[in-house]
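Following my numbering, the numbering of the sequence shown begins with -13 at its first residue and continues without gaps. Comments concern the structure below.
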Amino acid sequence: MMDSLDWLGYLGGFLIVISLIPQAVKSYQTRSTRDISKKTYLIYLTGTGLYFLYSVVISNGPMMLTNGAALLLGGFVLHLKLKYG
């Protein structure tokens, strides 16, 4: 059974992940990424990747799930940035 701290972790992670969705959708629909900073997404993905590895080492499910999803969405936006400039 999850304790209240796990739910807090899932909620925080969920909000972080969904904050990436509008940018991913807009970039995909418009094929325009001119106003997106490649450096920002590289730093974001590096930090999120390290945080994901940390969550694996400490076996924290909420962190693994949300950081994994954030890596996928952030990686998708960076892919679009590299593809469309």
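Ideal Cβ positions, reconstructed from N, Cα and C, are used throughout, including at glycine. Please read these numbers as outputs of a predicted model, since none were measured by experiment.
- About 7 angstroms separates the CB atoms of residue 6 and residue 63; that is less than 8 angstroms, so the two are in contact.
- Between the alpha carbons of residue 22 and residue 42 lies a distance of about 30 angstroms.
- Assignment of residue 53 by DSSP, reduced to helix, strand and coil, places it in the helix class.
- In this structure, residue 35 sits away from residue 59, with a CB-CB distance that is not shorter than 9 angstroms.
- C-alpha of residue -11 to C-alpha of residue -5: approximately 10 angstroms in a straight line.
- Looking only at 4, 18 and 38, the smallest Cα-Cα distance to residue 68 is reached by 18.
- Shown here, residue -10 sits in a helix according to DSSP, grouped into three states.
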